[in-house]
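In my numbering, the protein residues as written are 794 to 1005. All residues carry an ideal CB built from backbone N, CA and C; glycine is no exception. Structure, as structure tokens:
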Amino acid sequence: MKSYIEVDHVSKKFGKDTALYDVCLDMEQGKAYGICGNNGSGKTVLMKCICGFLPVTEGKVFVAGKQIGAEIDFPESIGVIIETPGFLTNLSGRKNLEILAGLRGKISKTEICAAMERAGLNPNLKKAVSKYSLGMRQRLGIAQAIMENPDLLVLDEPFNGLDKHGVSDIRKILSGLKEQGKTILLASHNSEDIRILCDRVYEMDGGRLLAV
């Protein structure tokens, strides 16, 4: 089966420091892939290269057959959580998502509210994001990632700040999305999260990707 994501001998340097060494990764559509690794192992850098947020130093990245940074700047249908989701903290969660959705104009307020409810948030809550708990912010990040019904989800530590109930909720969402044929790339320092959700697991260590 043709790869949906192809990372072809990718290296990434920041000055004299190398963050990724000759990384190769093939991901099929409709499957979930997990990357375990400690902080500084290179998993976030790899995800940023796949999303088009960082240019690669060597090698190529293809998503849905198009080269990132050459044919397109960013994957065309993607939902992303990388590091702590950034929101305008003086506004409500729903207002934040409405602003983000307005950039592409693909969805209405109905889909925004549905995504918030799916992620376990009340879309009618007027509370500013500055008053949200860490878990609520993480749920808002999930809602933002899924609201436009993307084909690809790239999620870096999506369970951060969530209690057991929250982790269970998000696992169910991601399992359902995989059943719908979405492709998921998930990084977590918790191997249980990865083991439950992912079809294939890799370990990142010192900028090198190792199959587990």
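Secondary structure within the region 860 to 887: the beta strand (DSSP E) runs of 3 or more consecutive residues, fully enclosed, are 871 to 874 (chain order). For Val947, the uninterrupted beta strand (DSSP E) segment begins and ends at Leu945 to Asp949.
Taking a contact as a CB-CB distance under 8 Å, the pair Ala938 and Ile874 counts as one, their CB atoms being some 5 Å apart. Per DSSP, reduced to three states, the secondary structure at Ile900 is coil, with no helix or strand assignment.
Between the region 804 to 816 and the region 992 to 1004, the count of Cβ pairs shorter than 8 Å is three or higher; the stretches touch. Leu818 sits close to Tyr995, with the two beta carbons spaced by under 9 Å. The three-state reading of DSSP puts Ala936 in helix, counting H, G and I together. The region 934 to 953 and the region 829 to 843 touch, with three or more beta-carbon pairs separated by less than 8 Å. Residue Arg964 holds the alpha-carbon nearest to the alpha-carbon of Ile987 among Ser885, Gln860, Asp956 and Arg964. Between Val800 and Gly852, the C-beta gap is smaller than 9 Å, which places the two residues in contact. The region 801 to 862 contains, as complete beta strand (DSSP E) runs of 3+ residues, the segments 810 to 820, 825 to 829 and 851 to 856 (chain order).
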